[in-house]
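Asks:
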Amino acid sequence: MEYKISLIPGDGIGPEIVGEAKKILDKVCEKYGHKFNYEEVLLGGASIDACGVPLTQEAIDTAKSSDAVLMGSIGGDAKTSPWYQLEPSKRPEAGLLAIRKALNLFANLRPAYLYNELKGACPLKEEVIGDGFDMIIVRELTGGLYFGERKTVEENGVRKAIDTLTYDENEIRRIAVKAFEIAGKRKKKVTSVDKANVLDSSRLWRKVVEDVAADYPDITLEHMLVDNCAMQLVHNPGQFDVILTENMFGDILSDEASMVTGSIGMLSSASLNETKFGLYEPSHGSAPDIAGKGIANPIATILSAAMMLRFSLDLDKEADAVEAAVQQVLKEGYRTVDIMSEGMKQVGTKEMGDLIAERI
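Numbering-wise, UniProt numbering puts 213 at position 213 of the sequence shown, and it's gapless, one number per residue.
1. What is the DSSP secondary structure of R203, counted as helix, strand or coil?
2. Between the C-alpha atoms of Q85 and V53, what's the straight-line distance to the nearest angstrom?
3. Just tell me which of D61, A270, G143, K35 has its CA closest to the CA of L97.
4. Can you give, in chain order, each stretch of the alpha helix (DSSP H) that sits fully within the stretch 158-222 and has at least 4 residues?
5. For G130, count neighbouring C-beta atoms within 10 Å of its own C-beta (all shown protein chains included) and say buried if the count is 16 or more, exposed if not.
6. Buried or exposed, going by whether 16 or more other CB atoms sit within 10 Å of the CB of P298?
7. Taking S254 as the reference, which of L109, H223, A296, T275 has the closest Cα?
8. Could you say if the stretch 205-215 and the stretch 250-265 meet the contact criterion of at least three C-beta pairs nearer than 8 Å?
9. Leaving out five residues on either side along the sequence, give the residues of the same chain with a beta carbon under 7 Å from the beta carbon of K23.
10. Would K92 pass as a contact of L25 if the rule is Cβ separation under 9 Å?
11. Output needed for V326: all residues of its chain with C-beta closer than 7 Å, excluding positions within five of it in sequence on either side, in chain order.
12. Sorted by chain position, which residues of the same chain lie with C-beta nearer than 8 Å to Q232's C-beta, five sequence neighbours on each side aside?
13. Quick check on the burial criterion: 16 or more other C-beta atoms within 10 angstroms. Buried or exposed for P88?
14. Should C51 go down as buried or exposed, given a rule of 16 or more other Cβ atoms within 10 Å for buried?
15. To the nearest angstrom, how far is it from the Cα of L124 to the Cα of V260?
16. If we ignore side chains and look at the alpha-carbon of each, how far apart do W205 and I243 end up?
17. What does a CB cutoff of less than 8 Å around E222 pick up in its chain, not counting 5 residues either side in sequence?
18. For P82, is the classification buried or exposed, using 16 other Cβ atoms within 10 angstroms of its Cβ as the cut-off for buried?
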């Protein structure tokens with residue numbers, strides 16, 4: 001089969017980790033007889049440097065014409081990078097929000113899975129970890145506070161900032177359907193997270209989710225307030241299967257869940273629209289402090305590429321092979337510095353990519 005893949009190397013460690021993921025995809029093509037045609041797309045700081053804006057229409061058009069998009073990480077050091085001297089609408093992260101909106105990527109999937117080989121890296125006590133955990137956070141991605149109207153004004157000599165949180169029932173319904181569909185293929189449990197004791201948007205969220213749940217009688221639905229969910233993730237992570245939540249809550253909870261696994265460098269992410277098209281990226285940031293040092297963990301990006309094979313290209317066997325190769329390398333004791341422990345063999349970014357590619 002032949003596919004067109006848009007690659008967004010991005011900023012910081014992005015080019016390094018995308019390069020290793022591409023190495024894995026090339027090995028998949030070699031082993032399984034596929035052909036991937038790559039086209040590079042600029043986004044974030046790289047786009048600002050080259051084009052003066054964090055996202056161009058040309059980049060959007062290129063992404064739309066592809067079968068899927070694989071991205072590294074965008075952004076830089078907010079204290080030192082000149083990108084953050086620009087107004088907010090021209091900063092790297094504005095490009096990321098814009099491409100999500102342009103591609104209608106309303107559903108963000110973030111798995112959080114604890115590998116047996118990495119239990120030692122988990123910051124939680126062994127009695128809390130128990131038999132491990134395997135959850136996926138389904139986050140609404142194109143609505144809510146991040147996309148609402150905002151302004152900063154001065155009233156009577158006092159600066160005042162206003163951000164607007166808005167959701168309509170259709171936005172809530174389509175992300176809820178996605179969560180229930182995913183739960184149906186897992187352990188058949190959805191935990192819907194909101195702040196219904198305070199926010200009108202959360203009260204509507206809860207009502208619409210309950211309406212959707214009526215169409216999935218074999219799936220258990222529970223509601224949980226976001227502050228309690230944050231606590232439960234570190235108190236008993238094994239209780240969760242699918243966590244369904246809105247944009248800002250999902251942004252925060254998914255990062256918390258990733259660190260419970262021991263390293264954010266291990267976790268993949270997919271952002272999907274209503275077709276098979278998706279943008280795939282690691283859950284971590286651009287880590288500008290280690291960019292160019294060859295020590296970044298590429299596994300999250302490689303696993304994101306595996307998600308791309310599975311969800312957008314329907315290449316389940318190939319996705320299984322990539323995931324199995326990652327597991328095998330971990331079993332053999334190879335570690336990047338972020339997941340390194342006593343008795344293991346430390347390797348760099350390129351070496352980790354080579355090891356995984358060899359085992360496909």
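Here a beta-carbon is modelled for each residue, glycine too, at the ideal position from N, C-alpha and C.
Replies: Taking the definition as stated:
1. When DSSP states are grouped into helix, strand and coil, R203 belongs to the helix group.
2. Each residue's Cα considered, the two are about 13 Å apart.
3. When C-alpha distances from L97 are compared across D61, A270, G143, K35, the shortest belongs to G143.
4. Counting only runs of 4 or more residues that sit fully inside the stretch 158-222, the alpha helix (DSSP H) segments are 169-184, 200-213, in chain order.
5. With fewer than 16 other Cβ atoms within 10 Å, it is exposed.
6. Only buried fits P298, as 16 or more other CB atoms lie within 10 angstroms of its CB.
7. The residue with the shortest Cα to Cα distance from S254 is L109.
8. No, the stretch 205-215 is not in contact with the stretch 250-265.
9. Same-chain partners within the cutoff: G353, A357.
10. In the sequence under discussion, the amino acid at residue 92 is Pro, which differs from the Lys named in the question. Against a cut-off of 9 Å, the Cβ pair of L25 and P92 comes out as no contact.
11. Taking C-beta separations shorter than 7 Å and ignoring five residues to either side along the sequence, the partners of V326 in its chain run I299, I302, L303, I356, following chain order.
12. The beta carbon of Q232 is closer than 8 Å to those of M224, Q239, F240 in its chain, skipping five residues each way along the sequence.
13. Around the beta-carbon of P88, fewer than 16 other beta-carbon atoms lie within 10 Å, marking it exposed.
14. Exposed is the call here.
15. C-alpha separation (whole angstroms): 7 Å.
16. If I take the Cα positions, the gap works out to 14 Å.
17. Cβ within range, chain order: K189, V190, T191, S192.
18. In the assembly as shown, P82 is an exposed residue. Its beta-carbon has fewer than 16 other beta-carbons within 10 Å.
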